[in-house]
Structure formats: C-alpha cells, structure tokens
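Colleague: Would you mind keeping the following structure in view while I ask a few things?
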Amino acid sequence: MDKIKDLGTFEDFKNSFSYGSRSDMNFKFLKSLPDEEAGLFFQELLWKLGDASNDNSIEPLMNHIYEWQIKAYSGKSNWQYPESPFTPLQKSLVDTKIGLMTTSGHFIEGDDPEPFGVKDMGAKEAQNRISEFLKSEPILSTIPMDTPREKLRLRHGGYDNRAALEDYNTVLPLDRILELKQAGSIGQIAENTYSFVGACAQRRLVNQVAPRWADMLKGEGIEALILVPV
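The opening position of the sequence shown corresponds to residue 2 in my numbering, with each subsequent residue numbered one higher.
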C-alpha cells in the first residue's frame with residue numbers, strides 16, 4: 002500500500018478515525034470497513050462533493066455518508082445483547098418518577114472526578130489518554146437538577162464536544178426534561194441527574210458498575226431512567 006504523506010498506509014489513515022488519534026467521531030465507521038470498501042467510499046465521496054459544488058445541494062453527499070455508516074455498522078459486532086435489559090413501564094409517565102443519566106462526561110465545578118488522580122485535566126490530555134479511560138472503571142458524577150448551569154463542566158476525550166459546550170442540552174438535556182414536566186408530559190423528576198465518561202471498560206460497566214448504580218437509583222425512588230449516549 003502506498004504511503005499517504007506522514008499518515009502511514011491507507012489502512013493507518015482509515016483506522017485513525019477512532020479513539021486515541023482524534024475526538025471528531027464523524028467518520029469513525031471507516032474503521033469497520035475493509036480497505037477496498039473504504040477506498041470506494043472516499044472515491045464516491047469526492048465525486049458527490051464535486052456534484053454538490055455544481056448544483057449547490059449537499060443532500061446527496063449527506064445521504065452517501067449515511068448509507069455507508071449503515072453498511073459499516075450492520076456487520077458483526079463484538080457487543081451482542083440477545084436479551085434486552087429494559088423493563089416495560091407499569092404505569093403512565095405522569096405517574097412515574099423519571100431520572101436522567103448521560104455518558105457525556107459532565108460534572109460540576111468543584112466536584113471534579115479527577116481521572117487517574119489528575120487535577121484539572123484538559124481536553125487534549127483526556128483525548129490523548131482515551132485508551133486509559135477505555136480500560137478504567139467509570140466514575141459517576143452527581144448533578145442536581147437545580148445546579149446553576151454556569152457551573153457545569155465537561156471532560157470527555159472520545160467525541161467532538163463542541164456542540165455540547167455550546168449547548169449542554171444536546172447531551173445533558175436538563176432544560177428539555179424540565180420543559181416536558183411543565184408541559185405535563187411527564188410527572189416527577191428526580192432531584193439528581195448523573196453523568197460519566199462512556200469511553201470506559203465496558204464489561205466492568207455492564208457486570209459490576211451498572212448493577213450498583215441501578216440499586217442506587219432504585220433507592221432514590223427512580224422508576225424510569227432516560228439514558229442519553231454520545
């Protein structure tokens with residue numbers, strides 16, 4: 002395979018769209034494609050980019066990306082869940098206490114989880130150490146619903162968090178859930194919401210951490226949980 006400047010082989014370039022080398026996950030699906038198919042994706046992408054510049058329409062370009070995402074992610078996965086863990090609600094939403102949990106990596110100023118014992122870890126260091134996050138047990142941060150929004154902080158090296166920094170509701174929908182309550186669509190909201198870095202040791206999350214968290218949430222009277230992934 003020919004070299005692509007300082008990026009190594011085409012396979013190296015394709016696989017660079019993943020954790021550890023960039024936080025922009027828009028094209029992460031490329032790593033799931035064989036080299037030949039990834040090459041075809043880029044070839045067609047450039048053709049459609051040229052067409053878009055001529056007819057001033059990006060819809061075919063976006064459809065192309067979307068279709069290849071489906072193709073890449075529809076293959077065999079290491080994470081298969083034959084049985085769903087979710088339980089149907091036994092009563093209406095207006096009579097249910099609703100909780101909120103996200104994998105966004107939010108925490109409150111003054112309550113930094115300090116991953117790996119590092120104080121005030123910056124976004125770049127979090128990105129560079131994403132492989133360590135992926136091997137570590139997640140730390141759950143508690144965020145009361147009445148937290149002043151200017152006190153919210155965000156640290157996650159596994160996704161492009163520009164939109165989340167501009168509007169926390171994209172991944173931590175505090176205001177949206179309050180609007181649903183005000184509209185009468187849901188009933189009681191839990192006093193606390195929760196967030197953790199979803200890039201963590203997945204087996205430890207599923208087998209060890211999640212059951213403890215579930216017991217904690219039940220102890221708070223939470224009957225249904227809104228899970229927001231990033």
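Backbone N, C-alpha and C fix where the C-beta goes; we use that ideal spot for every residue, glycine too.
Assign VAL95 to one of two classes, buried (16 or more other C-beta atoms within 10 Å of its C-beta) or exposed (fewer than that).
Modeller: Along the sequence shown, one-based indexing puts residue 95 at 94. Looking at its Cβ environment, which holds fewer than 16 other Cβ atoms inside 10 Å, VAL95 is exposed.
Colleague: In the DSSP assignment, find the unbroken alpha helix (DSSP H) run with PHE134 in it and report its ends.
Modeller: Position 133 of the sequence shown holds residue 134. PHE134 -> alpha helix (DSSP H) spans 131-134.
Colleague: Quick one: any contact between the region 151-170 and the region 182-195, if contact means 3 or more CB pairs under 8 angstroms?
Modeller: no
Colleague: Starting from the Cα of TYR195, find the closest Cα among ALA211, ARG205, GLU180 and give me that residue.
Modeller: For this step, residue 195 is matched to residue 194 along the sequence shown. The shortest C-alpha separation from TYR195 is found at ALA211.
Colleague: Throw me the rounded Cβ distance for the PHE1 and ILE131 pair, which I believe falls under 8 angstroms.
Modeller: There is simply no residue 1 to check, as the chain begins at 2 and stops at 231 in what is shown.
Colleague: With H, G and I counted as helix, E and B as strand and the rest as coil, what does DSSP make of GLY118?
Modeller: As a working note, residue 118 is residue 117 in the sequence shown. Helix.
Colleague: From the DSSP output, in three-state form, read off SER54 for me.
Modeller: Counted from its first residue, the sequence shown places residue 54 at position 53. If DSSP states are grouped into helix, strand and coil, SER54 belongs with the helices.
Colleague: Taking the C-alpha atoms as reference points, what is the distance between ALA164 and GLU151?
Modeller: Within the sequence shown, residue 164 is the residue found at index 163, counting from 1. Within the sequence shown, residue 151 is the residue found at index 150, counting from 1. The straight-line gap from Cα to Cα measures roughly 16 angstroms.
Colleague: How about THR103 and LEU46: are their beta carbons less than 7 angstroms apart?
Modeller: On the sequence shown, residue 103 is found 102 positions in, with the first residue counted as 1. On the sequence shown, residue 46 is found 45 positions in, with the first residue counted as 1. In this structure, LEU46 does not lie closer than 7 angstroms to THR103 by Cβ.
Colleague: What does a CB cutoff of less than 7 angstroms around MET2 pick up in its chain, not counting 5 residues either side in sequence?
Modeller: The residue you call residue 2 lines up with position 1 of the sequence shown. A caution first: MET2 carries a pLDDT of 39, below 50, which makes its placement in the model unreliable, though a value can still be read off. Excluding sequence neighbours, MET2 sits near THR10, PHE11, GLU12.
Colleague: Could you give the DSSP three-state label for SER19: helix, strand or coil?
Modeller: Position 18 of the sequence shown, counted from the first residue, corresponds to residue 19. In this structure, SER19 counts as coil in the three-state DSSP scheme.
Colleague: Counting only the same chain and skipping the five closest in sequence on each side, list residues whose C-beta sits under 8 angstroms from that of ALA53.
Modeller: Start at 1 with the first residue of the sequence shown, and residue 53 comes out as number 52. So the list reads ILE59, PRO61, LEU62, once near-sequence residues are dropped.
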